[in-house]
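Q:
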Amino acid sequence: MLTKLARELMTREREKVADFDHGRLAEILDLYVGTGIQVHSPGYMGRQFSGVFPLAGVVDFVSSVVNQPSSFYEAGQLPNVAERIMAEELNRYLGWDPDRATMITTSGGSLANLTALLAARNEAFPEIWARGDPGGGGLPAIGVSEEAHYSVVRAAGVLGIGESQVIRLPVNRRGQLRPDRAAAVLAAAERRNLRVFCLVASAGTTSMGAFDPLDELADLAARRGMWLHVDGAHGASLVVSDRHRAKLRGIEKADSLTWDAHKMLFVPAPCTLLFYRRGETAAGAFRQRASYVFDDEPDIYSSFDSGDKNFECTKRPMIMPLWTLWSVYGRALFAEKIDYLCALTGEAHRILQAEPDFAVLHEPEANILCFRYQPREIGADLLHRLQLDIRDQLRGDGRFFISKVDVHGVAALRLVLMNHRIHAGHLTMLVAEIRKIGARLLLAA
Ligand SMILES: Cc1ncc(COP(=O)(O)O)c(C=O)c1O
0 MLTKLARELM
10 TREREKVADF
20 DHGRLAEILD
30 LYVGTGIQVH
40 SPGYMGRQFS
50 GVFPLAGVVD
60 FVSSVVNQPS
70 SFYEAGQLPN
80 VAERIMAEEL
90 NRYLGWDPDR
100 ATMITTSGGS
110 LANLTALLAA
120 RNEAFPEIWA
130 RGDPGGGGLP
140 AIGVSEEAHY
150 SVVRAAGVLG
160 IGESQVIRLP
170 VNRRGQLRPD
180 RAAAVLAAAE
190 RRNLRVFCLV
200 ASAGTTSMGA
210 FDPLDELADL
220 AARRGMWLHV
230 DGAHGASLVV
240 SDRHRAKLRG
250 IEKADSLTWD
260 AHKMLFVPAP
270 CTLLFYRRGE
280 TAAGAFRQRA
290 SYVFDDEPDI
300 YSSFDSGDKN
310 FECTKRPMIM
320 PLWTLWSVYG
330 RALFAEKIDY
340 LCALTGEAHR
350 ILQAEPDFAV
360 LHEPEANILC
370 FRYQPREIGA
380 DLLHRLQLDI
390 RDQLRGDGRF
400 FISKVDVHGV
410 AALRLVLMNH
420 RIHAGHLTML
430 VAEIRKIGAR
440 LLLAA
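Counting from 0, one number per residue, gives the positions in the sequence shown under numbering that gives the first Met the number 0.
#1: Note the first and the last residue of the continuous beta strand (DSSP E) segment covering His383.
#2: Does the beta carbon of Asp98 fall short of 8 Å from some heavy atom of ligand 1?
#3: Tell me which same chain residues have a C-beta within less than 7 Å of the C-beta of Asp59, skipping the five on either side of it?
#4: According to DSSP, simplified to helix, strand and coil, what is Arg413?
#5: Assess, as a yes-or-no matter, whether the region 61-79 is touched by the region 231-248 under the definition of 3 or more beta carbon pairs within less than 8 Å.
#6: What does the alpha-carbon distance come out to for the pair Arg180 and Leu168?
#7: If we call anything under 9 Å between Cβ atoms a contact, is Glu122 one with Trp226?
#8: Considering Cα atoms alone, identify which of Gly142, Val327, Ala358 is closest to Leu193.
#9: Strictly by DSSP, which residues pair up with Leu273?
#10: Given a threshold of 16 other Cβ atoms within 10 Å of its Cβ, counted over all protein chains shown, does Pro125 qualify as buried or as exposed?
#11: So the candidates are Leu368, Glu376, Glu362, Phe357; which of them puts its Cα closest to the Cα of Glu432?
#12: In this structure, does DSSP put Asp211 in helix, strand or coil?
#13: For Gln164, which option in Leu158, Ala140, Val184, Gly156 has the closest C-alpha, if you only look at C-alpha atoms?
#14: Taking C-beta to C-beta, are Ala209 and His361 nearer than 9 Å?
#15: State the Cα-Cα distance for the pair Ala129 and Tyr149, rounded to the nearest angstrom.
#16: Flag Leu110 as yes when its Cβ comes closer than 8 Å to any non-hydrogen atom of ligand 1, and as no otherwise.
#17: With a CB to CB cut of under 7 Å and the five nearest residues on each side skipped, what residues in its chain are close to Cys341?
#18: Can you say whether Ser302 is buried or exposed, counting buried as having 16 or more other CB atoms within 10 angstroms of its CB?
#19: Kindly examine ligand 1 and report whether one of its heavy atoms sits closer than 8 Å to the Cβ of Ala268.
#20: If you measure between the beta carbons of Ala200 and His228, is that distance less than 9 Å?
#21: Mapping the DSSP letters down to three states, classify Ala115 as helix, strand or coil.
#22: Could you work out which residue in Leu8, Val430, Asn309 is closest to Asp285 when comparing CA atoms only?
#23: Whole angstroms is fine: what's the gap from Gln352's alpha carbon to Val359's?
#24: Are Met428 and Phe399 close, meaning C-beta to C-beta below 9 Å?
#25: Which of the three DSSP states is assigned to Ser402 in this structure?
#26: Could you check what DSSP says for Arg91 in three-state terms: helix, strand or coil?
#27: Counting C-beta neighbours from all protein chains within 10 Å, is the total for Glu335 16 or more, i.e. buried, or is it exposed?
#28: Please list the terminal residues of the continuous alpha helix (DSSP H) segment that includes Val184.
#29: Cα separation between Ala202 and Asp391?
#30: Please tell me whether Val409 and Arg375 are closer than 9 Å, where the distance is taken between their beta carbons.
#31: Per the contact definition of three or more C-beta pairs closer than 8 Å, is the region 103-115 in contact with the region 150-159?
#32: Going by the beta-carbon positions, is the gap between Leu385 and Gly306 smaller than 9 Å?
#33: If you draw a straight line from the alpha carbon of Ser206 to that of Glu215, how long is it in whole angstroms?
#34: Just to confirm my understanding: we take Pro316, look at its own chain, exclude 5 residues before and 5 after, and list those with CB closer than 6 Å. What are they?
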């Protein structure tokens, strides 16, 4: 249907440049804006990307027009300077040595996770980049939480680290990695001739928004000589909030951090920040020469380049909306919104807990909350189906958008509150809507 509408909006002119048609452009824009997820609606409660601050959209538009890719200073001078400044500004909350830490931007958290794993692997296996062979001492392996985002395992696959070399570490009921049980699992892996060079922890898991105990995991990583990578794609932004910073206690000991600004810093996607505590390790990810872009004689231009440290050659100047907002409004803009959304999620938890026909699955640590509509004892299969059907109907009706995720093997409904225009009244309306749909589905079952 949408494909048909889209095709109908295309000019039939093939020989010469078509006359500009205002009506056609207006219809294309209407179709674009009116379809897909409505991130600025208070009914949007289901995914981790945000409705952006309007000013960020304006700056992004300017970026599209000036078109200054940002891997190289010669092309994007201000974006490269702004990256340095934002690295310093945000590093204050990470507590890393400012003379040593470094930050690059990448097109998404998935690519940041891949890049950090590559740097970690190349540090642990110095010969592998040149020879493709890890040498003696065991096959490269990584330790990841059972709740890790799929991009981590995908990144391992890209690096030639097979699934049997990805060591799944147990989590508790709240989805947090358990350091007390991880050590034994890692030791067992090493007895299988695996060398676990990197431990990947999460600061805000995708399913439940759980924060792993970074402090203890950093100590575990140090004891076993592993790199600690923290996937904070969702939750790293909480460090800018005085109220929530403690959830990342121990981040000061991590080796690298993935931080999606297009999630909880509310700028256009993609805008990911990849931090390294020891800046020199960033250069270890890619060990290449390419005379057409990399200069052997360092100067002001090459000293600002990030192209040697990131996968992309041509890269959007994605820092510009973030740096501009930070410059114009300061940190509090972000901290206040984060505080509001986390408090609102706490409110959602209270509202749902008070409803006897809903089961809330965990206390929210940030702005993600999983629950089920469960008016009575129901077998697991039907319970699972019921949640999926509720999600589908809500999505089809179009007033609310929430997501679903499996929790302990059974589907759950998932709220991700990213919009400060949502208030408790919207949550109450959502509860009523789910109850109406759920009761109808159960009757028909
Ligand atoms: C914890 C976590 N890591 C990584 C990612 C992937 O980030 P991106 O979508 O920016 O590639 C996500 C996305 O939701 C995530 O929640």
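Glycine residues also receive a C-beta, built at the ideal position from the N, C-alpha and C atoms.
A: Here's the rundown:
#1: Here residue 383 is taken as the residue at index 384 of the sequence shown, counted from 1. First-last for His383: 379-396, but that is the alpha helix (DSSP H), not the beta strand (DSSP E).
#2: Residue mapping note: residue 98 aligns to position 99 of the sequence shown, counting from 1. Checking the Cβ of Asp98 against ligand 1 gives no.
#3: If you number the sequence shown from 1, residue 59 lands on position 60. Excluding residues within five positions, the ones whose Cβ falls inside 7 Å are Pro267, Pro320.
#4: Position 414 of the sequence shown, counting from 1, holds the residue named residue 413. Strand at Arg413.
#5: no
#6: For the purposes of this step, residue 180 is taken as residue 181 along the sequence shown, with counting starting at 1. For the purposes of this step, residue 168 is taken as residue 169 along the sequence shown, with counting starting at 1. Cα-Cα distance, rounded: 8 Å.
#7: What you label residue 122 is simply residue 123 of the sequence shown in a count that begins at 1. What you label residue 226 is simply residue 227 of the sequence shown in a count that begins at 1. Yes, the Cβ-Cβ distance between Glu122 and Trp226 is below 9 Å.
#8: Within the sequence shown, the letter at position 194 stands for residue 193. Looking at the Cα atoms, Gly142 is the closest of the given residues.
#9: Translated into positions along the sequence shown, residue 273 becomes position 274. Answer by DSSP bridge pairing, in chain order: Ile103, Thr257.
#10: Working through the sequence shown from its first residue, we reach residue 125 at position 126. Exposed: under 16 other Cβ atoms inside 10 Å.
#11: For the purposes of this step, residue 432 is identified with residue 433 of the sequence shown, where counting begins at 1. Closest by alpha carbon: Phe357.
#12: As a working note, residue 211 is residue 212 in the sequence shown. Of the three classes helix, strand and coil, the one that applies to Asp211 here is coil, per DSSP.
#13: Reading the sequence shown from its first residue, position 165 is the one you call residue 164. Minimum Cα distance to Gln164 is reached at Ala140.
#14: By 1-based counting over the sequence shown, the position of residue 209 is 210. By 1-based counting over the sequence shown, the position of residue 361 is 362. For Ala209 and His361, yes; Cβs fall inside 9 Å.
#15: Looking up residue 129 in the sequence shown gives position 130. Looking up residue 149 in the sequence shown gives position 150. Near 28 Å, if we compare the C-alpha coordinates of Tyr149 and Ala129.
#16: For the purposes of this step, residue 110 is taken as residue 111 along the sequence shown, with counting starting at 1. Yes, the Cβ of Leu110 comes within 8 Å of a heavy atom of ligand 1.
#17: Position 342 of the sequence shown, counted from the start, is the residue given in the question as residue 341. Correct list, in chain order: His243, Ala365, Asn366.
#18: Locating residue 302 in the sequence shown gives position 303, counting from the first residue. Exposed.
#19: Here residue 268 refers to the residue found at position 269 when the sequence shown is read from its first residue. Under cutoff, so the answer is yes.
#20: Reading the sequence shown from its first residue, position 201 is the one you call residue 200. Reading the sequence shown from its first residue, position 229 is the one you call residue 228. Closer than 9 Å, so yes.
#21: If you number the sequence shown from 1, residue 115 lands on position 116. Helix at Ala115.
#22: As a working note, residue 285 is residue 286 in the sequence shown. With the sequence shown as reference, residue 285 is identified as Phe, and Asp is not the correct amino acid for it. When only C-alpha atoms are compared, the closest one is Asn309.
#23: Here residue 352 refers to the residue found at position 353 when the sequence shown is read from its first residue. Here residue 359 refers to the residue found at position 360 when the sequence shown is read from its first residue. C-alpha separation (whole angstroms): 6 Å.
#24: Reading the sequence shown from its first residue, position 429 is the one you call residue 428. Reading the sequence shown from its first residue, position 400 is the one you call residue 399. Contact flag set, yes.
#25: Translated into positions along the sequence shown, residue 402 becomes position 403. Note: Ser402 maps to strand in three-state DSSP.
#26: Stepping through the sequence shown from its first residue, residue 91 is reached at position 92. Of the three classes helix, strand and coil, the one that applies to Arg91 here is helix, per DSSP.
#27: Taking the first residue of the sequence shown as 1, we reach residue 335 at position 336. Glu335 is exposed by the Cβ-count criterion.
#28: Locating residue 184 in the sequence shown gives position 185, where the first residue counts as 1. Where Val184 is concerned, the enclosing alpha helix (DSSP H) stretches over 178-190.
#29: Against the sequence shown, residue 202 aligns to sequence position 203. Against the sequence shown, residue 391 aligns to sequence position 392. Cα-Cα distance, rounded: 29 Å.
#30: Within the sequence shown, the letter at position 410 stands for residue 409. Within the sequence shown, the letter at position 376 stands for residue 375. Not a contact, by the Cβ cut-off of 9 Å.
#31: yes
#32: As a working note, residue 385 is residue 386 in the sequence shown. As a working note, residue 306 is residue 307 in the sequence shown. Taking 9 Å as the Cβ cut-off, Leu385 and Gly306 do not qualify as a contacting pair.
#33: One-based indexing of the sequence shown puts residue 206 at position 207. One-based indexing of the sequence shown puts residue 215 at position 216. Rounded to the nearest angstrom, the two C-alpha atoms are 22 Å apart.
#34: Residue numbering aside, residue 316 sits at position 317 when the sequence shown is read from its first letter. Within the same chain, Pro316 has close Cβ partners Ser62, Gln67, Ser69, Gly75, Pro78.
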